[in-house]
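Data block below; observations after.
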Amino acid sequence: LESQLKNELLINLFNQHRFRIFELGKTTRYFDTMLIGSGGIGNLISFAEGGVCIRMGLNIPNDFLAADSIFTDPMIGIMPTAPTKSKFSCYLFGGISGSFTAYNIALDGNSFPADGPSVDYLHYGYRINAGFALELKRFQVIFNFSYVNVPWENPYNIKLDKYGQLSLVYRF
Numbered sequence: 023l024e025s026q027l028k029n030e031l032l033i034n035l036f037n038q039h040r041f042r043i044f045e046l047g048k049t050t051r052y053f054d055t056m057l058i059g060s061g062g063i064g065n066l067i068s069f070a071e072g073g074v075c076i077r078m079g080l081n082i083p084n085d086f087l088a089a090d091s092i093f094t095d096p097m098i099g100i101m102p103t104a105p106t107k108s109k110f111s112c113y114l115f116g117g118i119s120g121s122f123t124a125y126n127i128a129l130d131g132n133s134f135p136a137d138g139p140s141v142d143y144l145h146y147g148y149r150i151n152a153g154f155a156l157e158l159k160r161f162q163v164i165f166n167f168s169y170v171n172v173p174w175e176n177p178y179n180i181k182l183d184k185y186g187q188l189s190l191v192y193r194f
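Each position in the sequence shown, counted from 1, maps to that position plus 22 in the numbering used here.
What follows is the structure in structure tokens.
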């Protein structure tokens, strides 16, 4: 096929950091806000992203679970930073993030030669998330619903993609 990408060794570095900037309730946290920053550089994808997540509920655990960002694994931040004192937790979360993509091999084509097949796309993106988490002892149920902009032209003229994600977790 003329549009098939050639084989290429992929090398990328990724980093993400989450900062808790505000919280209410020290012994039984019921509200917190986090800033999230991530980025990557390499020939697979080069991007920068930033966002904010708000969580509110009962006994929010001492972790950094937030709605997944565009380029990261949704389970990042799920492990608590300290032992959980409460055996039950229930909370809502929501967030918004924006990103800029400088290079994406799936859309820009191979690194060499530079004149290979590619797709025109918007280099910026955004995502809006909302969901809930329920934790009972070692079990956790997380539901996340996301709205993500579609950064390229498509035959259906879809500008916004919507999807849900359900995660069931057991901590050993």
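A virtual CB, placed ideally from N, CA and C, is assigned to each residue, including glycine. Quantities reported herein were computed from a predicted structural model and do not represent experimental measurements.
Under a 10 Å Cβ-count criterion, T49 is classified as exposed, with fewer than 16 other Cβ atoms of the shown protein chains found around its own Cβ. For L129, the enclosing alpha helix (DSSP H) starts and ends at 127–130.
Every beta strand (DSSP E) of 3 residues or more that sits fully in the region 128–162 is shown, in chain order, as 146–158.
Boundaries of the beta strand (DSSP E) around G64: 53–64. Between G147 and S111, the C-beta gap is not smaller than 8 Å, which leaves the two residues out of contact. Ranked by Cα distance from L27, the options F44, G47, D137, I58 are led by D137. Under the three-pair Cβ rule at 8 Å, the region 180–187 does not count as touching the region 115–130.
Contact between the region 151–171 and the region 75–89 is present, with at least three C-beta pairs closer than 8 Å. Here DSSP, grouped into helix, strand and coil, assigns F86 to coil. F69 sits close to T123, with the two beta carbons spaced by under 8 Å.
The residue from I164, G186, F115 with its alpha-carbon nearest to that of R77 is F115.
Counted as a single uninterrupted DSSP element, the beta strand (DSSP E) harbouring N34 occupies residues 34–46.
For Y192, DSSP records a beta bridge to F161. Closest in C-alpha terms to W174, from the list N126, G62, L190, comes N126.
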